[in-house]
Each structure stands twice: as C-alpha cells, then as structure tokens.
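Residues in the sequence shown are numbered from 1118 upward in steps of one, following the working numbering. Data block below; observations after.
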Amino acid sequence: MGENMSYRDKMVLIIISIVVILLAGFFALIKPKYETLVADKATYESTKADADDVQRKFDEIPVLQDAIKSTYADAKSTAAIFVNSALEEANNSLVVDKVQYHIDQYIQPAIDESNLKITSLVLEEPSAEAMEYYYYVPNAVTYSLLEAADVNGNYNQKVSDAMQAETILGERETAEVMVTTAEIQASGKREDILTFVDKMKEDTNAVAITTLGISDYTFSGGLESTTREEVNPETGEVTVITVGPTSTDGDSTLNITISFYDAKEIDEPKVD
C-alpha cells in the first residue's frame, strides 16, 4: 500500500502523524503542567494578597505606636491629679490598710496652720466610687409647628449640634476611683475656717470639700440680739427695733466633709 501512495499523500500522512503526536504530547504532558501552572498562579495571587495585607499592617505599626504613645502621654498628664501623694504607700503596694492614718497625717499641717480646734475627726475606710461626668445639658424645645417647618432637616440638625456633648458623654461609661472621706467637726474664727478651706483648695491632689456647715455665719461669738423701743413724739407710736450682735470676731462651730480621690498611675504601654 505504501508503494502505491504518492509523495503528496506521504507528506500529508507525515504531517497528520506529527499533529497527532503533538496533541498526544500536549494532553499527556503539557496540559497537566498547564493546569498546575494555573493553580499555582491562583495560589500565588491569593498568597500575595495575604502578604500585602500583612505588609500593610506592618507598615501601620509605627503609626499605631506613635498614636499609643501620644494617647498615653495625654492620659498620664490628665490622670496625674488623681495620683494622690497622700496615698503614695497605697499606690505602691495596693494595700489600703494605712490609708486613714496617712490622710490624718496629711491634713494635720493644714489644721495646725488654720488654728482650728478639732472636736471630732472621722476617717472613712477607702472604697470605690464612680466619677460622674459634669456637663451642660441645653434645654432645646421642639414643638409640632417647628417639626412641620423643618422640611429640610436644618432645625433638627441645629438641635443635634447643641446636644452633641450631652449625647456623647451620656453614652460613655463612668470610671471608678478610690475615695476616702474625712468628716471633721471643729470650731474657729472666720479667718481660721477660711484659711483651712483655702489650704484644701490649693491642694494639688484630687481633693473636694463635699459639705460645709457653719453654725453661726455671723461669727458673733454667741452674743444675742437686743431690742429697744422708740416712741414717735408726734404720734406717740411705739416702734420696736432689733439690734443684732455687733461682734464679728467670735468662734463658730464647723462641720466639713472632705473627699480624697485616688487612682493608680497608668503603666506605660510596651509597644516595641
């Protein structure tokens, strides 16, 4: 049969054979490799996306470190007022057994300088107390005609802007600090009491006078008011005139409650 084939037929047969061999080689060898290449490329793209995400997070680390350090510095300076120097031992050891003793020793110089005569001093045990936010709440009145006129939402936006501080602070959780209270009953002159109050006011720690009661705000020294009668010579009408105590340099009893607040100093974050 081969002897009867023309040269042309032989060339066609050879070409067909080559094509068959190439196709067979493609399906047997090249196609699996191609499929593997496609799969590897998909894996590469997925892995590269993960790597890029990780790299992005790495690039953000210095920015986050700076932000954390800045926040720490701001918070430390703000919170420093609550690191009460009168309670240094309790802050260092976290044991509050001697807090009342230290508070007693801490306020004694102010008592001595003001010449107050202490009749009673009660120091409460330390406890946790929530620090409430103090903020102004605007009285924004809305009414039906205002709501009907607010077709563009402008009035509602103004109310929202006015209430922004109240809205934000109202949603924040309050933090707790440690507090110990001193209840003092004493007596002294006006200058003595004012000197003691000024000493507490000048204190750099978180100290607050929560109650202050003075029995005799005139400081009359216990003198009583007097009365006298005056007669109108023309009408004969009698008028009773009350004359108050003239002394303003007497002693008065004092009831005062002082709260000492304290919070542990924030640790510096380790961001390295």
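All C-beta atoms, glycine included, are put in the ideal place defined by N, C-alpha and C.
Contact defined as beta carbons within less than 8 Å: I believe residue i pairs with residue j. What is the distance between those atoms, to the nearest angstrom?
i	j	result
residue 1295	residue 1245	6 Å
residue 1220	residue 1386	At roughly 32 Å, the Cβ-Cβ gap does not stay under 8 Å, so residue 1220 and residue 1386 are not in contact.
residue 1252	residue 1286	5 Å
residue 1291	residue 1250	7 Å
residue 1302	residue 1372	6 Å
residue 1206	residue 1312	Between residue 1312 and residue 1206 the Cβ distance is about 28 Å, and since that is not below 8 Å, they are no contact.
By the 10 Å Cβ neighbour count, where 16 or more other Cβ atoms means buried, how is residue i classified, buried or exposed?
i	result
residue 1298	buried
residue 1204	buried
residue 1265	exposed
residue 1348	exposed
residue 1126	exposed
residue 1214	exposed
residue 1157	exposed
residue 1065	With the chain represented from 1118 up to 1389, any question about residue 1065 goes unanswered, as that position is not in the structure.
residue 1243	buried
residue 1134	exposed
residue 1191	exposed
residue 1176	exposed
residue 1309	buried
residue 1187	exposed
residue 1240	buried
residue 1368	buried
residue 1379	buried
residue 1216	buried
residue 1257	exposed
residue 1323	buried
Looking only at its chain, what residues have a beta carbon closer than 6 Å to the beta carbon of residue i, apart from the 5 residues adjacent to it on each side?
i	result
residue 1327	1374 and 1376
residue 1370	1304 and 1332
residue 1124	none
residue 1355	1346 and 1348
residue 1237	1302
residue 1330	1372
Tell me, please, which residues DSSP counts as bridged to residue i.
i	result
residue 1297	1377
residue 1190	Paired residues: none, contrary to the question.
residue 1235	1303
residue 1347	1356
residue 1270	Note: residue 1270 sits in no beta bridge, so no partner.
residue 1246	1294
residue 1326	1375
residue 1311	Answer is none; residue 1311 lacks a bridge partner.
residue 1369	1305
residue 1240	1299
residue 1178	In DSSP, residue 1178 forms no bridge with anything.
residue 1331	1371
Spatial neighbours of residue i within its chain, please: CB distance less than 8 Å, with the 5 preceding and 5 following residues excluded, ordered by chain position.
i	result
residue 1173	none
residue 1293	1245, 1246, 1247 and 1248
residue 1381	1200, 1208 and 1211
residue 1189	1383, 1385 and 1386
residue 1389	1182
residue 1325	1375, 1376 and 1378
residue 1263	1272
Q: Please confirm if the region 1267–1280 is in contact with the region 1194–1211, defined as three or more CB-CB distances below 8 Å between the two stretches.
A: no
Q.
For the structure I just gave you, are there three or more beta carbon pairs, one from the region 1220–1237 and one from the region 1313–1325, closer than 8 Å?
A. With a cut-off of 8 Å, the region 1313–1325 and the region 1220–1237 count as touching, because enough Cβ pairs lie within range.
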